[in-house]
Amino acid sequence: MSLDKVVSGPAEAVAGIRSGASVAVGGFGLAGIPWFLIEALLEQGADDLTIVSNNCGVDGAGLGLLLEHRRISRVVASYVGENKEFARQYLAGELTVELTPQGTLAERLRAGGSGVGAFYTPTGVGTLVSEGGLPWRYHPDGTVALASPPKEVRTFHGKEMVLEESIVTDVALVRAAVVDRAGNCVFHAAARNFNPAAAMAGRFTVVEAERVVEAGEIDPDHVHLPGVFVQSVVALTPDQAARKDIEKRTTRARQEEKN
């Protein structure tokens with residue numbers, strides 16, 4: 219593959235994502251999510267998607283848009299809050315949801331990208347995570363249609379641990395602050411979150427970049443994600459790069475206004 223991985227735009231980057239594909243998506247809440255790749259995927263029309271992400275956006279934004287348009291059939295996530303449509307579809311039996319402890323989810327993605335098939339962790343031992351029975355899907359009448367299976371538990375160093383399988387997805391969509399043309403990525407502050415792990419897990423990874431530089435301009439010691447994990451780079455415009463919405467805006471009056 220050419221060292222220049224920059225493509226014409228989000229539409230070209232997601233054109234090959236097929237219906238039924240599994241997609242890892244970076245971000246935490248709305249911080250660091252690939253806004254324009256998600257919107258391009260919505261426009262592209264692929265459906266029956268399995269989404270692997272910390273959460274599924276909010277109503278009307280991020281992955282919440284794909285949910286509203288019924289493009290997602292299964293979600294692997296650690297958090298379902300801030301999204302009423304997510305909860306409605308799940309409880310109505312319209313969506314399969316595999317809830318996973320947050321640290322375990324991050325490690326499942328990282329392990330998948332590292333070629334590790336599975337790993338043992340103490341997180342979840344003695345709960346439904348290891349014993350099985352977590353509702354993955356409901357019937358419309360509220361009864362459980364599909365529950366999680368029990369997992370293998372073994373003892374290491376005197377502590378019980380549960381076996382968790384790694385995750386490898388067909389595609390990964392992430393966002394980075396600075397990316398060179400070879401795909402080496404630098405993430406900014408909290409926006410680093412799930413982005414590197416999600417990028418590693420994808421067989422084909424697309425990154426939308428707030429700023430694109432020439433290969434060699436990023437100090438190797440500053441690279442958070444090597445370009446070997448990236449297949450396509452989308453350069454955002456300055457206006458697009460400035461888009462960084464938040465879930466909730468909470469304000470208070472300035473001190474002088476109070477007096």
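If you want the numbering used here, it's the 1-based position in the sequence shown plus 218. Glycine is no exception: its CB is placed at the ideal position from the N, C-alpha and C atoms. All values reported here derive from a predicted model rather than from experimental measurement.
Closest Cα partner of residue i within the set the options
{"i": "R393", "options": "E378, E382 and R410", "result": "R410"}
{"i": "T373", "options": "F254, T341 and G434", "result": "T341"}
{"i": "K377", "options": "T339, P368 and F412", "result": "T339"}
{"i": "F254", "options": "A324, E432, K462 and C403", "result": "K462"}
{"i": "G244", "options": "E286, A229 and G275", "result": "G275"}
{"i": "E370", "options": "R306, G350, N413 and L260", "result": "G350"}
{"i": "V448", "options": "L391, G401 and L454", "result": "G401"}
{"i": "P228", "options": "A249, Q262 and A305", "result": "Q262"}
{"i": "L465", "options": "G280, L221 and P252", "result": "First, the residue type needs correcting, since residue 465 is Glu and not Leu in the sequence shown. Taking only the C-alpha atoms, the option nearest E465 is G280."}
{"i": "A249", "options": "L327, T455 and N273", "result": "N273"}
{"i": "L346", "options": "A336, A365 and A395", "result": "A365"}
{"i": "G247", "options": "D222, G278 and A258", "result": "G278"}
{"i": "E428", "options": "L260, D222 and I251", "result": "I251"}
{"i": "L381", "options": "L352, R355 and S348", "result": "S348"}
{"i": "E435", "options": "L352, A305, V397 and S291", "result": "V397"}
{"i": "T455", "options": "A395, M379, Q473 and P353", "result": "A395"}
Residue environment, residue i, which counts as buried when at least 16 other CB atoms sit within 10 Å
{"i": "G467", "result": "The amino acid at residue 467 is misidentified as Gly; the sequence shows Arg. Burial call: exposed."}
{"i": "I235", "result": "buried"}
{"i": "E426", "result": "buried"}
{"i": "D457", "result": "exposed"}
{"i": "S332", "result": "exposed"}
{"i": "D439", "result": "exposed"}
{"i": "T314", "result": "buried"}
{"i": "E383", "result": "exposed"}
{"i": "L391", "result": "buried"}
{"i": "E300", "result": "buried"}
{"i": "G335", "result": "exposed"}
{"i": "A417", "result": "buried"}
{"i": "A264", "result": "buried"}
Chain D within 8 angstroms of residue i, Cβ atoms only
{"i": "A363", "result": "Chain labels in this structure do not include chain D; a single protein chain is all it has."}
Rounded straight-line distance, which links the Cα of residue j to that of residue i
{"i": "T318", "j": "A329", "result": "15 angstroms"}
{"i": "A459", "j": "D359", "result": "44 angstroms"}
{"i": "H287", "j": "H375", "result": "48 angstroms"}
{"i": "F412", "j": "G420", "result": "13 angstroms"}
{"i": "A433", "j": "E303", "result": "42 angstroms"}
{"i": "E325", "j": "A415", "result": "8 angstroms"}
{"i": "T503", "j": "P368", "result": "Nothing in the structure corresponds to residue 503, since the chain is present only between 219 and 477."}
{"i": "R289", "j": "E312", "result": "11 angstroms"}
{"i": "V430", "j": "G344", "result": "47 angstroms"}
{"i": "F337", "j": "A471", "result": "50 angstroms"}
{"i": "T469", "j": "L352", "result": "38 angstroms"}
{"i": "L285", "j": "S291", "result": "9 angstroms"}
{"i": "A305", "j": "W354", "result": "12 angstroms"}
{"i": "L443", "j": "L327", "result": "14 angstroms"}
{"i": "E474", "j": "A408", "result": "31 angstroms"}
{"i": "G445", "j": "D437", "result": "13 angstroms"}
Other residues of its chain near residue i: CB distance less than 6 angstroms, five sequence neighbours each side excluded
{"i": "A231", "result": "V225, V424, S450 and V452"}
{"i": "Y308", "result": "V315"}
{"i": "D222", "result": "R399"}
{"i": "H406", "result": "A395"}
{"i": "L323", "result": "S296"}
{"i": "H357", "result": "G311 and A363"}
Residue i: CB within 7 angstroms of a non-hydrogen atom of the ligand SAH
{"i": "G275", "result": "In the structure shown, the ligand SAH is absent, as is every other ligand, since no ligand is present at all."}
Neighbourhood of residue i by C-beta, 8 angstroms cutoff - its chain only, sequence neighbours within 5 removed
{"i": "F422", "result": "G234, D388, V389, A390, Q449 and S450"}
{"i": "V441", "result": "N402, C403 and V404"}
{"i": "L283", "result": "I256, E257, L260 and G275"}
{"i": "M219", "result": "The predicted position of M219 is uncertain, since its pLDDT is 46 and thus under 50; a value taken from the coordinates is nonetheless stated next. Excluding positions up to five away in sequence, the list reads Q449."}
{"i": "M379", "result": "Y338, T339, P340, V343, V371, R372 and T373"}
Own chain, CB closer than 7 angstroms to residue i, minus 5 neighbours either side, in chain order
{"i": "G321", "result": "T341"}
Checklist entry - Touch check for the region 380–394 and the region 239–246: three-plus C-beta pairs under 8 angstroms? => result yes
Item to check | the region 262–272 contacting the region 286–306, beta-carbon criterion three pairs below 8 angstroms | outcome: yes
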